[in-house]
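K.L.:
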Amino acid sequence: MQKDLIEATKEGLRVFLMAVIPLIIVELSKGTMFDFRSILIAGIISLLRFVDSFLHESAMSQPKVNRNEGLGGVRGLTGF
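In the numbering used here, the protein residues as written are 262 to 341.
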């Protein structure tokens, strides 16, 4: 459980950094005030990715007979 949480946290932070760095570069190059709404949206998307990754990791740590598998394998947030 703790390993699943750590892995999901790392995934969420990766997504957040990959989204925020270009936003910061664009805002600095424009020389205007920061638009924190775009950073907030990136945070919401990374939070959804964290939940999806946590659901996937926790399902993968269960025995194979107890897994909730869909068409593409172990289900995440969307159930695909």
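Glycine included, each C-beta is placed from N, C-alpha and C at the ideal position.
(1) Identify the continuous alpha helix (DSSP H) that holds Asp296 and give its terminal residues.
(2) Quick check on the burial criterion: 16 or more other C-beta atoms within 10 angstroms. Buried or exposed for Gly292?
(3) Straight-line CA distance for Leu301 to Leu284?
(4) Let me know the secondary structure DSSP gives Met262 once reduced to three states.
(5) Measuring only the C-alpha atoms, how far is Leu289 from Asp296?
P.N.:
Looking at the coordinates:
(1) Counting along the chain, Asp296 falls outside any alpha helix (DSSP H), and DSSP gives it neither H nor E.
(2) exposed
(3) 11 Å
(4) coil
(5) 11 Å
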